[in-house]
Amino acid sequence: MNIVVAGASGLIGSRLTNALLQSSHIVTCLTTRAVTPDAGQDPIFKRVHWDGNTVADWMSHLECADAVINLSGQSLASGRWT
Numbered sequence: 000m001n002i003v004v005a006g007a008s009g010l011i012g013s014r015l016t017n018a019l020l021q022s023s024h025i026v027t028c029l030t031t032r033a034v035t036p037d038a039g040q041d042p043i044f045k046r047v048h049w050d051g052n053t054v055a056d057w058m059s060h061l062e063c064a065d066a067v068i069n070l071s072g073q074s075l076a077s078g079r080w081t
């Protein structure tokens, strides 16, 4: 399956991404971190930059996705848990 994961670098997302890759799925990670030019060379794991506001950079990846998993959120480490 071709799976897009938002929040793939978080606690749950990183473990889920590893499990998906070990099961031979193709994973596209939406990230707000800078993506290095060589990061897109792996055929089963891609990092796509997302600015958090627009859809232009990553919308094309949704067109061929079999599943989309949203685990993105604001870090709670520096604030109060509600």
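The sequence shown maps to residues 0 to 81 in numbering that gives the first Met the number 0. A virtual CB, placed ideally from N, CA and C, is assigned to each residue, including glycine.
Counting every other CB atom within 10 Å of its CB across the protein chains shown gives Leu10 a total below 16, marking it as exposed. By the CB criterion at 8 Å, Asp41 and Trp49 fall outside the cutoff.
Contact annotation, Val47 with Cys28: C-beta distance approximately 7 Å; criterion of less than 8 Å satisfied. The beta carbons of Thr30 and Ser59 sit no closer together than 8 Å. Distance between Leu20 and Gln73, taken at the CA atoms: about 25 Å.
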